[in-house]
Amino acid sequence: MSAVTRRPESSFVRLERGDAAGGTGYSEGAFFPVSRKGVCVVAKGYRNGGMYRAAAMVFLFVFLFFLPPASEGAVFFVTQAGAGNRNGSSWDNAFGEAEFCQNLNGSSVGDEFWVAAGKYRPSTTGDNTWYFVLDPGVSLYGGFAGTETSRSQRNWRTNVTVLTGDLDFNDTVDARGVTRKASDINAAGSGNSIRVLYAYGQGGVLDGFTVTAGYALNDEGGGMMDVQSSVTIRNCTFAGNFSSQTGGGLYSTKSFSTLENCVFSGNEADSGGGMYTDDSASVADGCIFTENEAVYGGGMAAVNSHVPEVKNCTFSKNTASDRGGGIQTKNSAVVSACTFTENSAVDGGGMFCTGFAPKVTNCTFSGNTASGQGGGINNYWLASTTIMNCTFSGNGANQGGNMANLDSSPAVTNSIFWSSAVGEEIFNDATSNPVLSHCVVQGGYPGGTEIITGDPKLGPLADNGGLTRTRALLTGSSALDAGKAAGAPAEDQRGVSRPQGSGYDIGAYEYTPPSSGGGGGGGCGVLSAPFPGVLLLVLPLVLLFRK
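Position 372 of the sequence shown, counted from 1, bears residue number 394 in the working numbering, the numbering being contiguous throughout.
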């Protein structure tokens, strides 16, 4: 890798709340595109795709294929202790902790920071108002040992890279310096940063880090604040962060960010213990929310107009002292292929939906509890929730062990309500009139359509394939082939195609009959050919000379 030329040193500025870009003029709806200069070839006067026009098209195709990428940013190397002349140009001259803080802010689009295992604070002088800033188009990659020459060589699971707000190192931490629970923060004086990381703008990447020990007293986003951005957050853990307001682990507002394969654990806030999304269309895919605490939305809270998507996620052992142990929604969130288990709240142990029209598809609710109403799910105050192919079993509450509806009329199809641990399966107040169709309900449900009362024969919550645990349908289940085809999802919670039998199964799990063996062969498709680039280059020439 060639050496890089370091830009002049810039001081690490502090962004004030509400100043999304630190005075850069960035405002809502603005974009920071990465542009590529290209050539447009136009051939006129030749009908029916004549020779010149075709040749021009082939030339353009070849030119674009071999066009070098947009000017690449620099790669900067970071180790906890630093090395050599500490200019970040190589592992032998790596930035140390202090230089990392100073040089991250003000980076250019395309810049990458490769950060080796260790602990890194946003301030080495004890100033708790400073935090790391992820500028637009800048990528942070953790998980390096400090010898790699390629990003693909890193191992973020083994080389744990910690961004910590524990400035004076007096929190209760594990062997790798991670504050596992918000209650382990020793926030006496100003010993913890008001947050660990701030991201804004388009195209940033955070990959392979543990974000911990942020302490946002009278502020949002103890671990991270994500403002008007489309950042990608991948392979990260948010652990032991605190906010006295919203978003203990992560606060996302007016953003279109993507979270992949992340863990939120031991975070705490008034609302959204693990994560809080405000007017954001963020996507959480393959994430785990566990042992987070809040008054509202122990694992996650999602509010206001934009529609976040939550899929392939697990919510377990989260707690809300009021509503929504796993999730609280105040928007039309789309939740699919998720498992809610052992979450607890006063109302809505697994999920609490207030107003709007959230959609819950292919989800399993098992073992959640509410001391009030709705152990599995609580639909409240005009919530027009759509529930499709979900399994509710073993949840408990004073009223509505598996589901409670208050001034709400959800549409429920192809779902199972069985073995409520405490309370009736479904509770409706006088102003609720849910519509149930093709459902299995223990004890029946008056007014429903095609309601089945036979035993669905559910297996225990287990790893039955896919990214989340499910409760399998066993042989002889009343839910087999009994579902409604119209509107049913094409796959079950595990990603198994529906239907497998003569009809769609009810619940989140599609039963697969014992196979007689066999299966399709291999082969090599066009896109998996050994040299797809060559194939795509030759194809236009073949079409040209057919004329």
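By construction, the Cβ of each residue, glycine as well, lies at the ideal position given by its N, Cα and C atoms.
Small disclaimer: the values here were computed from a predicted structure and weren't measured.
Which residues does DSSP pair with residue i in a beta bridge?
i	result
D193	According to DSSP, which records beta bridges pairwise, D193 is partnered with nothing at all.
V100	F117, V137
E315	E290, T341
G418	T391, V444
E331	V305, V356
S265	A238
S459	T435, T471
L126	Its beta-bridge partners do not exist; DSSP assigns none.
Y402	T376, L428
Q350	A323, F374
Measure how close the beta-carbons of residue i and residue j come, nearest whole angstrom, since I'm counting them as under 8 Å.
i	j	result
L189	G148	5 Å
D233	C258	It should be pointed out that residue 233 corresponds to Val in this sequence rather than to Asp. Contact flag correct, Cβ pair sits at about 6 Å.
L162	F191	The Cβ separation is near 22 Å, so there is no contact.
G104	A116	6 Å
G308	E282	6 Å
For residue i, count the other beta carbons within 10 Å of its own beta carbon; 16 or more makes it buried, fewer makes it exposed. Which is it?
i	result
A261	buried
G465	exposed
N365	buried
T151	exposed
F579	For the chain, the structure presents residues 23 to 569; residue 579 sits outside this window and is missing.
G498	exposed
E315	buried
A235	buried
E94	exposed
D114	exposed
D485	exposed
S172	exposed
S519	exposed
T490	buried
P456	buried
R256	buried
A426	buried
Y454	Per the sequence presented here, residue 454 reads as Ser, with Tyr not at that position. Looking at its Cβ environment, which holds 16 or more other Cβ atoms inside 10 Å, S454 is buried.
T101	buried
A359	buried
Q175	exposed
G319	buried
G168	buried
G481	exposed
S277	buried
W403	exposed
N411	buried
F275	In the sequence as presented, Phe is not what sits at residue 275; that position holds Thr. Result: buried.
A210	exposed
P330	buried
A197	exposed
G130	Reading off the sequence shown, one finds Ser at residue 130, where the question assumed Gly. Exposed, since its Cβ has fewer than 16 Cβ neighbours within 10 Å.
A92	Its pLDDT being 42, under 50, A92 is placed unreliably by the model, and nothing is read from it.
Under 6 Å Cβ to Cβ from residue i, same chain only, skipping five residues before and after it: list those, please.
i	result
T351	A324, C375, P380
Q421	Q395, G445, F449
A452	none
T194	D206
T413	T386, I438, R493, G529, A530
G60	Only weak support exists for where G60 lies, its pLDDT of 27 falling under 50; the value from the coordinates is given anyway. Cβ within range, chain order: n/a, list empty.
G470	L458
G371	G347, N365, N390, T391, A392, G397
S338	T312, T363, E364
G270	G244, N263, F264, N289, E290, A291, G295
F231	G164, T183, L185, C258
G525	D503
Apart from the five residues on each side of it in sequence, which residues of its chain come closer than 8 Å, Cβ to Cβ, to residue i?
i	result
P90	Unreliable positioning characterises P90 in this predicted model, as indicated by a pLDDT of 41, which lies under 50. The coordinate reading is nonetheless provided below. Once the five neighbours on either side are set aside, P90 has no close Cβ partner at all.
Q522	E532, Y533, T534, P535
V368	A342, S343, D344, R345, A392, S393, G394
R179	G165
K506	T435, N436, S459, H460, E472, Y526
D301	T275, K276, V325, N326, S327, H328
S266	A238, L239, N240, D241, A291, D292
Who are the Cβ neighbours of residue i in its own chain at under 7 Å, not counting the five residues just before and after it?
i	result
G199	K141, V184, T186
D477	S500
K479	L495, L496, G498, S499
G72	Confidence in G72 is poor, its pLDDT being 38 and thus under 50, which makes the residue's placement too unreliable to answer from.
N208	N192, D193
Please confirm whether any heavy atom of the ligand MG lies closer than 8 Å to the CB of residue i.
i	result
G445	You won't find the ligand MG in this model; it holds no ligand whatsoever.
| task | May I have a chain-ordered list of the beta strand (DSSP E) segments no shorter than 3 residues that lie completely inside the stretch 271-297? | result | 272-275, 280-282, 285-287, 290-293
| request: Identify every run of the beta strand (DSSP E) within the stretch 167-252, keeping only runs that are complete inside it and at least 3 residues long; order them along the chain. | output: 183-186, 219-223, 227-229, 232-234, 246-251
| field | Ranges of the beta strand (DSSP E) found wholly within the stretch 473-547, counting only runs of at least 3 | value | 480-484, 492-495
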